[in-house]
Amino acid sequence: MAKRRFNLAPYLLILPSFIYLVLFFAWPMGRSLQLAFQKDAEILPVRAEIADDAAVVGYLPMQIEVAITDRERSEETLPNGRTRPVYWFKIAGESEDGEQVEGWVNQKYLQVQSRTESTSARVVSGEGTKEWTLDWIKRMVNDHNFMDALTTTLLLLILILPLQFALAITMALVLQARLKGSTIFLYIYAIPLGVSDLAAGLVWVNIFTQHGFLNTFLQKLGLIDSPYIFLSADNKHWMIIAIVLAEVWRATSIVMVIVVSGLQSIPDEYLEAGQLFGASLWQRLRHIILPLLRPSLQVALILRTILAFQVFAVVVALTGGRVITVLAYETYRWYDPGDTGFNNPNVAAAYAGFIMLISLAFSVIYLRTVRTQEEAASS
Amino acid sequence: MTTAAQKRTTTRSVALDAAQRRALRNLRLQRAGVYALAILIAVWILLPIWLIATMAFSTQADVYAYPKQIIPVPFTTATMDFFLNYAGILDATLNSVLVALITLVLSTAIAVPAGYAISRYIFPGRNSYRLIILAVRAFPIVILAVPLAVAFLQWGMFDKVYSVALMHTALTLPTTILVVSSVFASVPVEFEEAARVFGASPARAFVRVVFPLVLPGIAASAIFTFVMSWNEVFAATLLTVRNRTLPALILYTLNKSSLQFQYAGGFFMLVPSMIFIFFIRRYLFNMWGQITK
Amino acid sequence: MAEIRVENAIKRFGKVTAVDDVSLTVNDQEFVVLLGPSGCGKTTLLRAIAGLGMVDSGRIMIGTRDVTYLPPKDRGISMVFQSYAIFPHMKVYDNVAFGLQMKRAPKAEIEERVQQASKLLHIEEYLDRYPGQLSGGQRQRVAVARAIAVRSEVLLMDEPLSNLDALLRLEMRAELKRLLAEISATTIYVTHDQIEALSMGDRIAVMRNGKLLQFDSPMKVYDVPADRFVGGFIGSPPMNFLEGQVQRQNGSARVVVNDHVLTPTPEMAPVLAGYDGKPIVVGIRAENMEALAEPAPDALRVKVLVVEPLGSQNLLTIQIGHNVIKVSTHPDFHVAPNQDIWIRFPIDKIRWIDRETGKTLIPDLEKLVTP
């Protein structure tokens, strides 16, 4: 009788995606941390016997004094067939961890006064290796742009999110009112979903630039006499406002869609019950809609927060990136080998790691939320 | 006596009518208010697009003119022509389309089996896999362009169209898997079972019944993948030097480029996205709603 | 010939045993209803027979073939799904023709059979439409037409009427019964609706918690339920249960219910004798009690709590001690709540149920014959 076998099919089906994510997600993530925390260094391997392939008994750092306890002269054959003397020294020194290391090294790694006489030597070279370092992190943190980038990113987050959520909830409620032509409204409200951050930035440059539409409008209203230069280094607050508007314009649609999905899962009876008992719109919003929407709002909030740490092209388009800088732009600038960049992938990786770290914290909260929701749904 | 009673009832009914009329008027007012709000929000979204469109179709003089006109008179394609004929734009557009197409094919080809697996099978590890996908989905993947750029340089894969596509696939894959699985989940298992009961092999059941039903949803997801790749700028900028994609080229030349170049470029990038979103509008909730589930 | 034999079928989902060692044989061309509350394993069993879920152990035979591990397509079955599962992207015609197309039947034969099946189900005029344009009842007909068009010897139906509204369900019930009598297929029909089971099946298999409790004709299942659960599950209102006490007097057993003495039939007496001094459950159907307006010597006085006139009968809720039971009376029997009436128990209609095991006691026929 055939026994029911373990079903391999689903594993085969998810295998390609799993491999892809290991190659292009897990691996680069590890590599990124390596770039951020490692640098090239030299270290001297000390060997148990007189041979280049002998076992290593320990490593010594560069530029330390070591004691010579023994020496051995051997011959080295040169390409032309002649030989020359080569010394191997038995040395004793302290490793970086403070351990005593004693063993043999080739003379080429040491600086010795006299090969036959000296009782001490200096370590001058070794083998290339990777060393853990906080140099890149320090360099990132000490860079004068770092605090600027961090505070601006956070400031944008704080300014954008409340506006976005208020607008998204309004949009969702308007759509939910099922007006005639609500499908057209839905399409219009969804357009920004397909708009790139760069295009959004350019769209708003057109409005905020010196000879742009905002100035035209203000002048037509008689509020100003001549065009005001909003996007200048002296007007950082206007630049921030322009970025906030562009981001609210572009990225509210995602929140709207999540909120509408959430609204659709609320049974109409709940809202109708609220209406029957004489609740006003505000009361319904406050006591029925928002509490029921909480799971959707939580998820949208976390997703938007993580996306906000990656804000990039809008800022570059509206400010050129230099006056107002954000974390993602600093990553780009440190990496970029061009004339504005520093061509330092290590510091760029440090920035990337920093963004990852903040996002990771939010991802964990996000997963928790999704999980508790799934549990709530399944119970 | 009777007349007084009658009178009372008539006045009451008139009063009632007035109350009803008031209620009706309030209802209409409320409805008009919601309409006004709906239109206001629509204007907020459409106006900036209209304004950049007017610039894209104005003469060069009008682009720099002040004060601005809200209608492009005279209407001209000169600015768009200037942009499209600008050195490298055509190549960059081609690169962008290529990258987006490769991303679309790769991403869909990998996501369809995975999405099918998590929507149709219950297996040990399914939940962990789903959580991993959700976690990756929320992760700032573009940031990984930094180590990938370094690695691609070492492997001789730097500045290639396909390497940008590889990066973009990593970016879109989690979303695509989630969307595709929700598309499969929307086709009841009973359809497949019915096909099998009536004589179809599992493969034939898939081809005859499941595939036609999921096709529109998967097409929508593929279009969305295309749009995500078409729009992506950070990774594309890091991974290319000469073979730039359109957004990467526009971003890189921002400091040096004229306003008309920027407006035309902005508008040019907007158009395909707007068209694509129109085609997939019915699937939007399917796609993004899934993330909350 | 397509007899269906299920032998010792066991199916587990994790810790839950959905089908627990079930054996049953459905005769050729018989109409068997699998009945039970939701989660009892009836659908799991049906799916195992269909090949949509394999049993963990046991054997399933269709005709002379062992189909336990065959894929559904090779079992020679057709099926009507609870959700109909008619393909939304195919026209009604192609839906009905699907099974035949899969078998690569000749075009002319397909055409003929589709016409025949759709005529039987009165859907000829919808053949060109898509399922989305049909009402729920029409879709149901398409699903049935698809199932009978293939003319397989075995027809499986998974709660086919549960998605219809009450009136349509009543209509389809009669129509399905007529139809199934016409097409001579061995049919297994899953439902949780006991009225459907009673009115349609040749035999009913009652399941609970994965176990087969009783497999008998509808009348037998109704009249002599195998245990307390079956009695309570089948019939509307369900069987009444009263707590009684077995007492022995003058060598013969009798049962006392709330001071009222019931003397069992001669066949039952020896069985009940073994329960001397123990409690016993007395099961009786509402229509089997006689309600009297006046006291009678062998009747028990009870208080009426609720009176529900149902047209063809009056349903009374009455109290006997701590038990509340239902009695159905002739519609002319006039009574008001809180009034006292008298109830007479016809002794041959009483089922005696072991209080511990819940099993209905049956007379030990051998003992009756031997003395």
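So the protein lines, in turn, are chains A, B and C.
Here the numbering used here is used: position 59 in the first sequence is 78, and no number is missing along the way.
Here the numbering used here is used: position 31 in the second sequence is 16, and no number is missing along the way.
Here the numbering used here is used: position 54 in the third sequence is 80, and no number is missing along the way.
Each residue gets a CB set at the ideal place from its N, CA and C atoms; glycine is no exception.
Predicted model, so just to flag it, every value in this text is computed and none were measured.
Is the beta carbon of residue i sitting closer than 8 Å to the one on residue j?
{"i": "B/LEU224", "j": "B/VAL149", "result": "yes"}
{"i": "C/VAL122", "j": "C/SER144", "result": "yes"}
{"i": "A/ASP216", "j": "A/ALA332", "result": "yes"}
{"i": "A/ALA191", "j": "A/VAL279", "result": "yes"}
{"i": "C/VAL106", "j": "C/TYR119", "result": "no"}
{"i": "B/VAL165", "j": "B/ALA96", "result": "yes"}
{"i": "C/VAL81", "j": "C/ALA28", "result": "no"}
{"i": "A/LYS255", "j": "A/VAL342", "result": "yes"}
{"i": "C/ILE260", "j": "C/ALA325", "result": "no"}
{"i": "C/LEU187", "j": "C/VAL297", "result": "no"}
{"i": "B/VAL168", "j": "B/SER206", "result": "yes"}
{"i": "A/LEU212", "j": "A/ARG323", "result": "no"}
On the criterion of 16 or more Cβ atoms from any shown chain inside 10 Å, does residue i qualify as buried, or is it exposed?
{"i": "B/HIS153", "result": "buried"}
{"i": "B/LYS241", "result": "exposed"}
{"i": "C/PRO244", "result": "buried"}
{"i": "A/ASP59", "result": "exposed"}
{"i": "B/TRP140", "result": "exposed"}
{"i": "B/GLU217", "result": "buried"}
{"i": "A/SER315", "result": "buried"}
{"i": "C/LYS352", "result": "buried"}
{"i": "B/LEU133", "result": "buried"}
{"i": "A/GLY200", "result": "exposed"}
{"i": "C/GLU222", "result": "buried"}
{"i": "C/GLY347", "result": "exposed"}
{"i": "A/PRO47", "result": "buried"}
Can you tell me which of the three DSSP states residue i falls into?
{"i": "A/ASP116", "result": "coil"}
{"i": "C/PRO251", "result": "coil"}
{"i": "A/SER201", "result": "helix"}
{"i": "A/HIS230", "result": "coil"}
{"i": "A/PHE108", "result": "strand"}
{"i": "A/ALA185", "result": "helix"}
{"i": "B/THR230", "result": "coil"}
{"i": "B/ALA4", "result": "helix"}
{"i": "C/HIS286", "result": "strand"}
{"i": "C/ASP374", "result": "helix"}
{"i": "C/SER225", "result": "helix"}
{"i": "A/THR12", "result": "In the structure as shown, chain A starts at 20 and stops at 398, and residue 12 of chain A therefore has no counterpart that could be examined."}
{"i": "B/THR(-13)", "result": "Summary for B/THR(-13): the model assigns pLDDT 47, below 50, so the residue's position carries little reliability; its value from the coordinates is reported in the next sentence. In the structure shown, B/THR(-13) sits in a helix (DSSP, three-state: H, G or I)."}
{"i": "A/TYR247", "result": "coil"}
{"i": "C/SER278", "result": "strand"}
I'd like the span of the beta strand (DSSP E) that includes residue i, first residue to last.
{"i": "B/TYR248", "result": "First-last for B/TYR248: 244 to 264, but that is the alpha helix (DSSP H), not the beta strand (DSSP E)."}
{"i": "C/GLY270", "result": "266 to 275"}
{"i": "C/ILE230", "result": "229 to 234"}
{"i": "C/LYS37", "result": "30 to 39"}
{"i": "C/VAL350", "result": "349 to 355"}
{"i": "C/SER49", "result": "42 to 52"}
{"i": "A/SER93", "result": "84 to 96"}
{"i": "A/LYS149", "result": "146 to 151"}
{"i": "C/GLY309", "result": "305 to 310"}
Got a sec, what are the start and stop residues for the alpha helix (DSSP H) residue i sits in?
{"i": "A/PRO314", "result": "309 to 327"}
{"i": "B/GLU177", "result": "174 to 182"}
{"i": "C/MET183", "result": "Unbroken run through C/MET183 is the beta strand (DSSP E), 180 to 184; no alpha helix (DSSP H)."}
{"i": "B/LYS241", "result": "Taken as a continuous stretch (DSSP letters only), B/LYS241 belongs to no alpha helix (DSSP H), as it is neither H nor E."}
{"i": "C/ASP219", "result": "Here C/ASP219 belongs to no alpha helix (DSSP H), and DSSP marks it neither H nor E."}
{"i": "B/VAL195", "result": "Premise fails: B/VAL195 is in no alpha helix (DSSP H) and is neither H nor E."}
{"i": "B/HIS153", "result": "146 to 170"}
{"i": "A/ASP306", "result": "The residue asked about is misnamed: residue 306 of chain A is His in this sequence, not Asp. It is not in any alpha helix (DSSP H) - A/HIS306 carries neither H nor E in the DSSP assignment."}
{"i": "B/ALA63", "result": "63 to 69"}
{"i": "B/THR93", "result": "74 to 105"}
At a threshold of 7 Å, does residue i count as lining the ligand MN (C-beta to nearest heavy atom)?
{"i": "A/PHE236", "result": "Of ligands this structure carries none, so the ligand MN is not represented either."}
Contained alpha helix (DSSP H) runs [length at least 4] in the region 67 to 103 of chain C, N- to C-terminal order:
Entirely contained in the region 67 to 103 of chain C, the alpha helix (DSSP H) runs reaching 4 residues are, in chain order, 68 to 76.
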